[in-house]
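Asker: Encoded as structure tokens, here's the structure I'll be asking about.
2 protein chains.
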Amino acid sequence: MLTERQLFLFKLLVNDYIRFAEPIGSRAISKRDDVQYSSATIRNELADMEELGYLEKPHSSSGRVPSEKGYRFYVDHLLSPVMLSHQEMVNIKRAFHDQYYELEKLIQETADILSDFTHYTSIVLGPELLETKLKHIQIIRLSEDVAVLIIITNTGHVENRTVTLPKGIKAEEVEKLVNIINIRLKGTPLYKVTSAIDRELKAVLRQNLSHHKQVIKMLNVALEYHPFDQIYFGGKTNILSQPEFKDINKVLPLLNVLESKEIVHDLLKPVDNKPGIQIRIGQENHLNEIKDCSVITASYSIGDEHIGTVAVIGPTRMTYPKVITLLDVVSKSLSKSLTLRYQGYS
Amino acid sequence: MLTERQLFLFKLLVNDYIRFAEPIGSRAISKRDDVQYSSATIRNELADMEELGYLEKPHSSSGRVPSEKGYRFYVDHLLSPVMLSHQEMVNIKRAFHDQYYELEKLIQETADILSDFTHYTSIVLGPELLETKLKHIQIIRLSEDVAVLIIITNTGHVENRTVTLPKGIKAEEVEKLVNIINIRLKGTPLYKVTSAIDRELKAVLRQNLSHHKQVIKMLNVALEYHPFDQIYFGGKTNILSQPEFKDINKVLPLLNVLESKEIVHDLLKPVDNKPGIQIRIGQENHLNEIKDCSVITASYSIGDEHIGTVAVIGPTRMTYPKVITLLDVVSKSLSKSLTLRYQGYS
DNA sequence: TGTTAGCACTCTATGATGCTGAGTGCTAAT
DNA sequence: ATTAGCACTCAGCATCATAGAGTGCTAACA
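First to last, the sequence lines map onto chains A and B. In this text, residue positions in the first sequence follow our numbering: the first is 2, and each later residue adds one. In this text, residue positions in the second sequence follow our numbering: the first is 2, and each later residue adds one.
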């Protein structure tokens, strides 16, 4: 265990390093007004904490830098809560108050707030379709054999897919098909729709449609559940302005990670499904390309149902208290706004 | 005017510079198997061409590099047509052959092909809504006062907007409203829809609806024409691997340009509306952030109607012949595929 | 008259060298 | 337990010399 004094010095050091992005030496600490120990004393303490694994030296005669273990300890035990400024609170409140937004705009706005206030890059996973339910489908015929199939969920999310209709199918038949689906599958979770068709609708469709085989195939393609939903970014280049990215070779891997929806999804996936803030520091992300980055996530929900994730990615040397507080406020505001918006939808 | 020999040497130099990204000296040229002049002769010729403004020296004792004027001359008069490899043609044909794609996927695929084959960054402006026409709208009510308004165009494009319904409006009234719009405004170009409502539908709505004022306001917001359509990128980080971007300070401005929809739109907007390939070299783009980049664009169309732009952005030191040929083939294939898909839509 | 060899000159890139300053570990004194 | 003092380390920076690639110019050549 660390002594009281070690804790004190450790906290100072981490805060200063987060602020100045340069290794902190014993002399610099001893010169502070709120420190009365000599540099030699501090040197001894720092050496001890290094031995315990909380600090590192970039090279043998440099100042100290927090290790990953150090950051982990810092966020687990030393976080002093930060208050957001009045101005920040006002801006957030306003952003989430306006009910006239499109859902997409609201989420993009969320991402923008996070990146503006943190100067890092923010990522928001759009509302997961997993537990959203089919409310209504519609087929709009564009030509003899091409149509657009529109899917509306209970949360107001709209998806559209271009489909090829069976040759020679009549308008009444299409209408009948739409009616059958809307009546029978309303309220079915999206990811269960294709299997529900398979189990429950095959017979009905065979009775009512002349082209039931092709229709079923078409529905399977069109209604297939795509787990990777939209990803929204804020301040995509913010993180590149951090001093740790002055080398282009650090930049490319990171950018490539952000370009891949699959990787970003994996990155933000909560390890266990517990709600609230999660922090993954450096290698804890298990992704070599971002081993010098930390990812902080918070989930948001409609009612009690978790439906998405907001996140900030920055260097391991991140202003953790600020980002955590902000993510907490923003995720809760977003949840509240969405719950209000969709309360009582079925 | 340049002499025959100067032209020959100029072409060699540009090709070599495009290939190796390093200033080309007289000695390097004279050593080539297809050159029989001595380095001194070549030196004299290069000096003359520098005086004419086609070449530049990064510093006084370095080899030569094409100037912007040089590149312009090169693309205007010296392009030798390039054949795509059999493999490339096969891949392109296959990509555009498959009719089962979503429109969005087809366009993303187009962007991916362009970036994969060029190793630069590609940009595709999705089908412009400007001349597309309203085919059908639909309102799906989510709750007492929130609904989703869905707009389908004659090209199969689907947009959706969340709207707030007037308090207490009845389902039959909503249905009536949808019917009126679908009957009266079908075929109206999207960008004229709001003004058409203003001019032609006000009276009808007043007669038929109890909440006509709020409804008109709602329609104006929901059907407002948004000129900036979707932008698709391919290989967003490709261009950053080019040696001219080894300095991070060159990277950030470029990335910020690519993040701004407005700027990208301006960048790709054809100067005059003439079709075909357009090349803008360095400063010709009138955008300081990308003064060392060239942008090559080609338009694509449905039938005879121009609806979008495909583009490649790379360093001024770009493999122009290859990119031009590829853009030509790809834009034509895309046009053909789209025309086939939407032929006869009304 | 066009071409080329030769040469002095220029400039970048590279690597060696030395110096400075910030930092450390260790020891001995307080 | 704390601190002053000192020898030591190392990155960063400036300086310097050198090599190499390239140029312009002049004079000789075909």
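Virtual Cβ for every residue (Gly too), placed ideally from N, Cα, C. Only a predicted model underlies this, so the values are computations on that prediction, with no experimental measurement involved.
Does DSSP classify B:E52 as helix, strand or coil?
Answerer: Helix at B:E52.
Asker: Please name the residues in the stretch 252 to 268 of chain B whose beta-carbon is closer than 8 Å to at least one beta-carbon of chain A, in chain order.
Answerer: Listed by position, the residues of the stretch 252 to 268 of chain B near chain A (Cβ gap below 8 Å) are V252, L253, L256, N257 and E260.
Asker: Starting from A:E160, follow the beta strand (DSSP E) in both directions and report where the run begins and ends.
Answerer: First-last of the beta strand (DSSP E) with A:E160: V159 to T165.
Asker: Under 8 Å, CB to CB, which of the residues in the stretch 7 to 25 of chain B have a partner in chain A?
Answerer: Of all residues in the stretch 7 to 25 of chain B, none has a Cβ within less than 8 Å of some Cβ in chain A.
Asker: Using the beta-carbon count (16 or more within 10 Å), is A:T4 buried or exposed?
Answerer: Classification for A:T4: exposed.
Asker: Against chain A, which members of the stretch 239 to 250 of chain B pass a CB distance test of less than 8 Å?
Answerer: Correct list: L241, S242, F246, K247, D248 and I249.
Asker: For B:S196, report the span of its alpha helix (DSSP H) as first-last.
Answerer: From DSSP, the alpha helix (DSSP H) with B:S196 extends over V194 to A197.
Asker: In angstroms with no decimal places, state the Cα-to-Cα distance between A:L126 and A:A112.
Answerer: In a straight line, the C-alpha of A:L126 is about 10 Å away from that of A:A112.
Asker: A:E46: buried (16+ other C-beta within 10 angstroms of its C-beta) or exposed?
Answerer: A:E46 should be labelled buried.
Asker: Are the beta-carbon atoms of A:V149 and B:G157 separated by less than 7 Å?
Answerer: Against a cut-off of 7 Å, the Cβ pair of B:G157 and A:V149 comes out as a contact.
Asker: Using a 10 Å radius around the Cβ and a threshold of 16 neighbouring Cβ atoms, would you call A:K262 buried or exposed?
Answerer: A:K262 comes out exposed.
Asker: Kindly indicate the opening and closing residues of the alpha helix (DSSP H) around A:S334.
Answerer: Element bounds for A:S334: Y321 to Y343.
Asker: Taking DSSP as the reference, what is the three-state secondary structure of A:G277?
Answerer: Note: A:G277 maps to coil in three-state DSSP.
Asker: Are the beta-carbon atoms of B:I291 and B:V258 separated by less than 7 Å?
Answerer: Against a cut-off of 7 Å, the Cβ pair of B:V258 and B:I291 comes out as a contact.
Asker: What residues from the stretch 121 to 152 of chain A come within 9 Å of chain B, judged by C-beta to C-beta, listed N to C?
Answerer: For the stretch 121 to 152 of chain A, which is checked against every Cβ of chain B, the residues closer than 9 Å are K136, H137, Q139, I141, L143, S144, E145, V147, A148, V149 and I151.
Asker: Under 8 Å Cβ-Cβ, which residues of chain B neighbour A:R358?
Answerer: As displayed, chain A neither begins before 2 nor continues past 347, which places residue 358 of chain A out of reach and without an answer.
Asker: If I measure Cβ to Cβ from A:A172 and keep anything under 8 Å in the same chain, skipping five residues before and after, which residues do I get?
Answerer: Contacts found: R142.
Asker: Take A:P128 as the anchor and find which of A:I43, A:E174, A:V159 and A:D146 has the nearest alpha-carbon.
Answerer: Of the candidates A:I43, A:E174, A:V159 and A:D146, the one whose C-alpha sits nearest the C-alpha of A:P128 is A:V159.
Asker: B:N161 versus chain A: which residues are under 7 Å apart at the beta carbon?
Answerer: Ordered by position in chain A, the residues that pass the 7 Å Cβ test against B:N161 are V159.
Asker: From A:V272 to A:H307, what distance separates their C-alpha atoms?
Answerer: Between A:V272 and A:H307, the C-alpha separation is close to 14 Å.
Asker: Counting only C-beta atoms, is A:K237 closer than 7 Å to chain B at any point?
Answerer: Cβ-Cβ to chain B under 7 Å: yes for A:K237.
Asker: Would a check of beta-carbon distances place A:E103 closer than 7 Å to chain B?
Answerer: Yes, contact with chain B.
Asker: Is A:R28 buried or exposed, if buried means 16 or more other CB atoms sit within 10 Å of its CB?
Answerer: When all chains shown are included, A:R28 counts as exposed.
Asker: Select from A:C294, A:K237, A:I249 and A:P244 the residue whose C-alpha is nearest the C-alpha of A:E260.
Answerer: Of A:C294, A:K237, A:I249 and A:P244, the residue nearest in Cα terms is A:K237.
Asker: For A:I93, which of A:R200, A:Y18 and A:K333 has the nearest alpha-carbon?
Answerer: The option with the nearest alpha carbon to A:I93 is A:K333.
Asker: Who are the Cβ neighbours of A:S81 in its own chain at under 7 Å, not counting the five residues just before and after it?
Answerer: Same-chain partners within the cutoff: P322.
Asker: Closest by CA to A:L79, which one among A:V331, A:L85 and A:G71?
Answerer: The shortest C-alpha separation from A:L79 is found at A:G71.
Asker: So, helix, strand or coil for B:I136, using DSSP?
Answerer: The sequence shown places Lys at residue 136 of chain B, rather than the Ile named in the question. Three-state DSSP puts B:K136 in a strand.
Asker: Return the Cβ separation of A:N286 and A:L268 in integer angstroms, given the expectation that the two are a contact with Cβ distance under 8 Å.
Answerer: That belief holds up - the Cβ atoms of A:N286 and A:L268 are roughly 6 Å apart, short of 8 Å.
Asker: With a threshold of 16 other CB atoms inside 10 Å of the CB of B:R95, please say whether the residue is buried or exposed.
Answerer: When all chains shown are included, B:R95 counts as exposed.
Asker: Say the cut is 6 Å; is the CB of B:I19 nearer than that to a heavy atom of the ligand ZN?
Answerer: In the structure shown, the ligand ZN is absent, as is every other ligand, since no ligand is present at all.
Asker: Which of the three DSSP states is assigned to B:L13 in this structure?
Answerer: Three-state result, B:L13: helix.
Asker: Whole angstroms are fine: how far does the CA of B:A22 sit from the CA of A:L8?
Answerer: Near 54 Å, if we compare the C-alpha coordinates of B:A22 and A:L8.
Asker: Return the Cβ separation of A:T189 and A:Y226 in integer angstroms, given the expectation that the two are a contact with Cβ distance under 8 Å.
Answerer: Between A:Y226 and A:T189 the Cβ distance is about 11 Å, and since that is not below 8 Å, they are no contact.
Asker: Just how far apart, CA to CA, sit B:S63 and B:K106?
Answerer: For B:S63 and B:K106, the distance between alpha carbons rounds to 47 Å.
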